[in-house]
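S.K.: What follows is a structure written as structure tokens; I'll ask about it next.
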Amino acid sequence: MERGSLNTMKVFLSPLMPFLLLLLLPDGLFSSDCPKDCTCNPSTSIFCYQRNSPTLPSGLDTSTRNLYLFSNGIEGIKSEDFDGLVNLEMLDLSQNKLTHLPDRVFETLTSLKNLDLSSNQITQISEKSFHGVTQLQRLYLQSNSIKAIHPATFTGLENLLELKLQGNMLTSLPTLSMPQLLLLDLRFNTFPLLGPTDLQTPNLEALLLAGVGLTGLNMELMLSLKNLHYLDISGNELKSFPVALKETPRLLHLNLAGNPMRTLKPEDLQNLNELIELDISSLSLHSLPE
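The sequence shown maps to residues -31 to -1, 1 to 259 in mature numbering (1 follows the signal peptide of the UniProt record, and there is no 0).
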């Protein structure tokens, strides 16, 4: 194997190695203080999988940086569950049975950078659900039943890089003022049209809007997304090529598949000089541009 290939493999595998090693070792081998039915590395991580308990484990090591509690059957959380975990950077609560997030529940997690709440049963997000986690970079809320998000929910999350809200029941979106945001996934909600000030995300690189019922794209909104490289607007109600896309000259990937578009003219694409991938499958085109 060539040196370049070997180095690439090392880089790819290295973030996974602690998890893979822990899976191969007996529960609690690393620490006598490891919570029941969990596996621990005392310097960094606690892995608890399928504990079948409605609450969080007790006695968590305060030096823990990564806490994985996916698929545990957890039904509720409270701020006291996280007392002392000031070093925690990663919290995975995905695939549980959470229905709501108490106000300020994560407030003591001042070092938290990654929070995964996907695949729960959360129905709404209150104003102070994420109060205090100002260092947060990745917030995953996909595959819940969220119908409403308070307008001030994301206030203070200025370091957020990724926000995933796909697969919920949203029909409106609070104004997102996130100067550092790079990825926003809103697929499979209901947003027929986003307003000109809905996304105050000047550095956004990837915007996913598949299956939201879009009937058009706002020109002013697209003008504000100067850094956009990836746009997925597949599976919507677009009957013609959105004129607003002419204002996104840095697009590299554009997915238009599955829209009721009947025509696509050469001039529609003339400003997209950097485009390297265009998906127009399953359209209703009468002809293709030459």
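Ideal placement from N, C-alpha and C gives every residue a C-beta, glycine not left out.
#1: Restricting to Cα atoms, I'd like to know which of Gln239, Val55, Ser141 is closest to valine 181.
#2: Sort Arg231, Leu214, Leu233, His255 by Cα distance to glutamate 243 and report the nearest one.
#3: Tell me the DSSP secondary structure of serine 48 in three-state form.
#4: Tell me whether leucine 155 counts as near the ligand SAH, meaning its Cβ is closer than 7 Å to at least one heavy atom of that ligand.
#5: Note down, in chain order, each residue of its chain lying with its Cβ closer than 6 Å to the Cβ of arginine 156, except the 5 sequence neighbours on either side.
#6: For the beta strand (DSSP E) that contains serine 203, what are its first and last residues?
#7: For serine 63 and proline 235, what's the separation of their Cα atoms in angstroms?
#8: Per DSSP, which residues does cysteine 17 bridge with? Please list them.
#9: So, at 8 Å on beta carbons, what are the nonlocal neighbours of serine 27 in its own chain, with the 5 sequence-adjacent residues on each side left out?
#10: Helix, strand or coil, according to DSSP, for serine 146 in the structure here?
#11: Tell me the rounded alpha-carbon separation between threonine 33 and threonine 79.
#12: Buried or exposed, going by whether 16 or more other CB atoms sit within 10 Å of the CB of methionine 138?
#13: Give me the Cβ distance between isoleucine 91 and histidine 69, rounded to the nearest whole Å; I'm assuming they're in contact under 8 Å.
#14: Hey, would you say proline 148 sits closer than 8 Å to phenylalanine 123, going by beta carbons?
#15: Give the straight-line distance between the Cα atoms of isoleucine 46 and asparagine 83, rounded to the nearest whole angstrom.
#16: When you compare the CB positions of proline 165 and asparagine 196, do they come within less than 8 Å of one another, or not?
#17: Between proline 211 and leucine 241, how many whole angstroms is the CB-CB distance? I'm expecting something under 8 Å.
#18: Figure out for me which residue from Leu220, Ile245, Lys208 has the closest Cα to the Cα of leucine 233.
#19: What is the residue span of the beta strand (DSSP E) that methionine 188 lies within?
#20: Is it buried or exposed for glycine 53, if we count other Cβ within 10 angstroms and need 16 for buried?
#21: Whose CA, out of Asp154, Leu186, Tyr18, lies closest to the CA of residue 267?
#22: Nearest CA to the CA of proline 23: which residue from Leu81, His222, Glu44?
#23: In chain order, what residues of the same chain have a beta carbon less than 7 Å from the beta carbon of serine 251, not counting five sequence neighbours either side?
M.R.: Short version:
#1: Translated into positions along the sequence shown, residue 181 becomes position 212. The shortest C-alpha separation from valine 181 is found at Ser141.
#2: As a first step, residue 243 must be located in the sequence shown, where it is residue number 274. For the residues Arg231, Leu214, Leu233, His255, the minimum Cα distance to glutamate 243 belongs to Leu214.
#3: Locating residue 48 in the sequence shown gives position 79, where the first residue counts as 1. Helix, per DSSP.
#4: Looking at this structure, you won't find the ligand SAH or any other ligand, since it has none at all.
#5: The residue you call residue 156 lines up with position 187 of the sequence shown. If we look at arginine 156 and ignore the five residues flanking it on each side, its Cβ neighbours are Gln135, Leu177, Ala179, Gly180.
#6: Here the question's residue 203 lines up with position 234 in the sequence shown. Run containing serine 203: none; DSSP gives neither H nor E here.
#7: In the sequence shown, the residue the question calls residue 63 occupies position 94. In the sequence shown, the residue the question calls residue 235 occupies position 266. Cα to Cα, the separation comes out at about 45 Å.
#8: Position 48 of the sequence shown, counted from the first residue, corresponds to residue 17. Cys7.
#9: Within the sequence shown, numbered from 1, the residue matching residue 27 stands at position 58. Pro4, listed in sequence order.
#10: Here residue 146 is taken as the residue at index 177 of the sequence shown, counted from 1. DSSP places serine 146 in strand when its eight states are reduced to three.
#11: Within the sequence shown, residue 33 is the residue found at index 64, counting from 1. Within the sequence shown, residue 79 is the residue found at index 110, counting from 1. Cα to Cα, the separation comes out at about 13 Å.
#12: Within the sequence shown, the letter at position 169 stands for residue 138. Burial call: exposed.
#13: To locate residue 91, count along the sequence shown from 1; it is residue 122. To locate residue 69, count along the sequence shown from 1; it is residue 100. With 8 Å as the limit, isoleucine 91 and histidine 69 qualify as a contact, their Cβ atoms being about 6 Å apart.
#14: In the sequence shown, the residue the question calls residue 148 occupies position 179. In the sequence shown, the residue the question calls residue 123 occupies position 154. For proline 148 and phenylalanine 123, no; Cβs fall outside 8 Å.
#15: The sequence position of residue 46 within the sequence shown is 77, counting from 1. The sequence position of residue 83 within the sequence shown is 114, counting from 1. About 17 Å.
#16: In the sequence shown, residue 165 corresponds to position 196, counting from 1. In the sequence shown, residue 196 corresponds to position 227, counting from 1. No; because the gap between Cβ atoms is not below 8 Å, this pair is not in contact.
#17: Indexing the sequence shown from 1 puts residue 211 at position 242. Indexing the sequence shown from 1 puts residue 241 at position 272. With a Cβ gap of about 12 Å, proline 211 and leucine 241 do not count as contacting.
#18: In the sequence shown, counting from the first residue as 1, residue 233 sits at position 264. Considering only alpha carbons, the answer is Lys208.
#19: Here residue 188 is taken as the residue at index 219 of the sequence shown, counted from 1. First-last for methionine 188: 188 to 193, but that is the alpha helix (DSSP H), not the beta strand (DSSP E).
#20: Along the sequence shown, one-based indexing puts residue 53 at 84. With fewer than 16 Cβ atoms within 10 Å of its Cβ, glycine 53 is classed as exposed.
#21: The question about residue 267 has no answer, for the chain in this structure spans -31 to 259.
#22: Looking up residue 23 in the sequence shown gives position 54. The option with the nearest alpha carbon to proline 23 is Glu44.
#23: Within the sequence shown, residue 251 is the residue found at index 282, counting from 1. Cβ within range, chain order: Ala226, Gly227.
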